[in-house]
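For reference, the structure discussed in these notes is given below.
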Amino acid sequence: MKQFVLGLAAALLMTAAHAEPTATGDLGLVIERATGSVLLVDQSDRAALARIEGLGDLSHASLVYSPDERFAFVFGRDGGLTKVDVVTRQIAKRVVQAGNAIGGAISDDGTLVAVSNYEPGGVRVFDADTLDLVADIPTGSKTIGLVDAPGRRFVFTMWDTGETWIADFARGTDPQITKITDMGKNPYDALITANGRTYITGLFGQDGLTALDLWDETPEPIRVLPGYGRGQQEMPVYKMPHLEGWAHTGAEFVLPAVGHHQVLWVDADTLTETGRTQTYGQPVFAMARPDGRQVWVNFAHPLNDTIQVIDTVSKQVIHEFKPGPAVLHMEFTPRGHEVWISVRDANTVMVYDTHSFEKLREIPADSPSGIFFTARAHRTGL
């Protein structure tokens, strides 16, 4: 018997020694919005590895990663929360937790996944391992701008009431709720800085933004760029800009303006305006290359075939090109040497060198939208 056990152990060791190791740091997922699927991609090979299907309505989808980069939690428009195993390349678990969802976040310790909802509103929080519901936080409003904050906290904002709530799960699954009122009229999206200190929400119902200092024991609304559009003719808003695609260039934030062909530059310490850059169209995402030297901007319909690149020193557009119809999203490789761009109506993801602007590869994808690399697992707010 002893010899059998030793022989089995040796066989298992030999199998493990010869097994192909699975690394996740070079991987990512691309949302295929029309088919309810995600495409697993490899950054170094610039290639698609697998398609994972059955994720429901992904017409406005986002995702976050577990700390070990193995699992992605995909938030679908239909209220679906899907846990995808990027190692086995299949769905590990799926629940439909609401009628209409608008994104989510994962706690800093990786144990809780929160989802913000339009219908029925509020935030629902799930165990990251089992997807069992652990907390239901009704808000009486469409809930947007959900982000994770240090200390096992989630921060989110209400479209209808103009409030921001902080849900603190530090003591377990019964959260302590802090409510901040008077954030402004119709907040539409929000961001949090990488250090977890500053939370900024954009306002659709009025010009400007509102910030919170989360290091303050009693955070109070801070007005940012109040009335930035005064004296200008506001245009129809074809697509709401995404503050989650904001740029932080070190000393400044770069934010897309609502209803204007501009990006706005804001001092990261004083939250005062430092400049504006005229753009080709209404910006949707204004995303900084990881080193902060460039900001890449895409635009709302009907000008969504174009990308502009802005130099953050001069604040001038230094490059403009047209990847194709319906450019929806961009994602930089972790050190910023390449950028991946989803071109929905061309059914392709295009890969560009961020220094030479040369196109390096096209990867077929079915109506691609969001691109999410696993490096996001290690960044607050993503």
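Heads up, the sequence shown stops at 383 in my numbering, and the numbers go up one at a time, no gaps. Using N, Cα and C, we set each Cβ at its ideal position, and we do this for glycine too.
Beta-carbon spacing of residue i, residue j below 8 Å
i: Val-116; j: Ala-102; result: yes
i: Val-264; j: Phe-205; result: no
i: Thr-273; j: Thr-313; result: no
i: Ser-63; j: Asp-367; result: no
i: His-262; j: Thr-280; result: yes
i: Val-148; j: Ile-107; result: no
i: His-330; j: Ser-343; result: yes
i: Ala-289; j: Ala-248; result: yes
For residue i, the nearest candidate out of the options (CA to CA)
i: Tyr-353; options: Asp-346, Ala-301, Thr-375 and Trp-297; result: Trp-297
i: Val-310; options: Ala-327, Ser-67, Gly-197 and Val-255; result: Val-255
i: Leu-215; options: Thr-182, Gly-203, Ala-62 and Gly-197; result: Gly-197
i: Gly-152; options: Asp-110, Phe-333, Ala-49 and Leu-40; result: Asp-110
i: Gly-173; options: Pro-324, Glu-120, Leu-113 and Asp-183; result: Leu-113
i: Asp-183; options: Ala-129, Pro-220, Asp-346 and Phe-170; result: Pro-220
i: Asp-268; options: Gly-282, Ala-252, Pro-257 and Arg-277; result: Ala-252
i: Thr-23; options: Arg-47, Asp-69 and Ala-35; result: Asp-69
i: Pro-227; options: Asp-46, Gly-209 and Ala-48; result: Gly-209
i: Val-340; options: Gly-325, Ala-347, Ala-35 and Ile-372; result: Ile-372
i: Gln-283; options: Phe-374, Ile-32, Pro-303 and Glu-54; result: Pro-303
Sequence-distant residues of its chain with Cβ nearer than 7 Å to residue i (five each side left out)
i: Gln-207; result: Gly-185 and Lys-186
i: Ala-51; result: Leu-41 and Arg-90
i: Gly-293; result: Thr-250, Gly-251 and Thr-313
Secondary structure of residue i, DSSP reduced to three states
i: Arg-52; result: strand
i: Asp-110; result: coil
i: Asp-183; result: coil
i: Thr-375; result: helix
i: Asp-86; result: strand
i: Asp-149; result: strand
i: Ala-347; result: helix
i: Glu-359; result: coil
i: Asn-118; result: strand
i: Lys-94; result: strand
Cβ-based neighbour list, residue i, same chain, cut-off 8 Å, excluding 5 preceding and 5 following
i: Ile-138; result: Gly-123, Val-124, Arg-125, Val-126, Trp-166, Ala-168, Pro-176 and Ile-178
i: Gly-232; result: Because the pLDDT of Gly-232 is 46, which lies under 50, any placement of that residue in the model is unreliable, and the question is left without a value.
i: Pro-188; result: Ile-145, Gly-146, Thr-158, Met-159, Trp-160, Gly-163, Thr-165, Thr-202, Gly-203, Leu-204, Phe-205 and Thr-211
i: Arg-71; result: Thr-25, Asp-86, Val-87 and Val-88
Own chain residues within Cβ distance below 6 Å of residue i, not counting five before or after
i: Asn-299; result: Val-285, Phe-286, Ile-308 and Val-328
i: Asp-79; result: Gly-57 and Asp-58
i: Phe-358; result: His-320
i: Thr-381; result: Ala-195 and Gly-197
i: Gln-44; result: Asp-27 and Thr-334
i: Ala-49; result: Leu-40, Val-42 and Ile-364
i: Met-236; result: Any answer about Met-236 is weak, because its pLDDT of 47 lies below 50 and its placement is not dependable; what the coordinates show is given next. Once the five neighbours on either side are set aside, the close Cβ partners of Met-236 are Gly-260.
Taking three-plus beta-carbon pairs below 8 Å as touching, is the segment 363 to 377 in contact with the segment 308 to 323?
-> no
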